[in-house]
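In mature numbering (1 follows the signal peptide of the UniProt record, and there is no 0), the protein residues as written are -31 to -1, 1 to 153.
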């Protein structure tokens, strides 16, 4: 498949089915290199495209996958400007995402009631009951920004309206010394 650098949208129509192939996420410095070369495939129970509003809406067990990136939600709405995906809003109880930053690294996962993705900014915003797990650490807040390019997580601020951020940092497991023999 061709690389879809400009996040152009191609709608394939046929016998009541719609499959929208988009570049939902851009490859970044910390994302698997091949992720940006992969199309996004969205599966859902229903799909609707509104040409007047320049939106496409997917509902019911929505699964979107691009390379190592996966988003599961109850609903996904894609907003287009000049034929390009500008904003993507996923909702669910809870909507979840997962990304493998580099081959062999631990996955970065997260969940929230609402998520907003801005493809041109490589920015994912998780809103309301949001949590991001990175390695053995976790960040919880009502508002979390995750930069897909740099893997930078910012919790709190803006939408959290004075609520506190909860962070868990696990210590690294200590290695046990090798057992010594009798020396006989």
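Cβ coordinates follow ideal geometry from the N, Cα and C atoms, glycine included.
Values in this document were obtained by computation on a predicted structure and should not be read as measured data.
With fewer than 16 other Cβ atoms from the protein chains shown falling within 10 Å of its own Cβ, residue 140 counts as exposed. Annotation for residue 75: 104 place their beta carbon closer than 6 Å to its own, counting only its chain and skipping 5 residues before and after.
When the five nearest sequence neighbours on each side are left out, the beta carbons in the same chain lying within less than 6 Å of the beta carbon of residue 55 are those of 48, in order along the chain. Excluding its 5 nearest sequence neighbours in each direction, residue 122 has C-beta neighbours in its own chain below 6 Å: 101, 108, 115, listed in chain order.
The DSSP assignment places no complete run of the alpha helix (DSSP H) inside the stretch 74 to 123 (cut-off: 4 residues). The C-beta distance from residue 85 to residue 46 rounds to 10 Å, too long to fall under 8 Å, and the pair is not in contact.
Judged by beta-carbon spacing, residue 17 lies beyond the 8 Å limit of residue 29, meaning their Cβ atoms are not closer than that value. Using a 10 angstroms sphere on the CB of residue 40, the tally of other CB atoms reaches 16 or more, which defines it as buried.
Following the DSSP letters along the chain, one finds residue 33 inside the beta strand (DSSP E) bounded by residues 24 to 35.
Separation of residue 82 and residue 36 (C-alpha to C-alpha, rounded to the nearest whole angstrom) is 24 Å. Here residue 58 is bridged, per DSSP, to 85. By the beta-carbon neighbour count (other beta carbons within 10 angstroms, threshold 16), residue 117 is buried. Taking residue 33 as reference, the option from 25, 23, 9 with the minimal CA-CA separation is 9. Where residue 42 is concerned, the enclosing beta strand (DSSP E) starts and stops at 38 to 50. A buried status is given to residue 60, since no fewer than 16 other beta-carbon atoms sit within 10 Å of its beta-carbon.
Boundaries of the beta strand (DSSP E) harbouring residue 12: 9 to 12, taken from the DSSP string. Collapsing the DSSP output to three states places residue 72 in coil. Under the DSSP assignment, residue 19 falls in the beta strand (DSSP E) whose first and last residues are 15 to 19.
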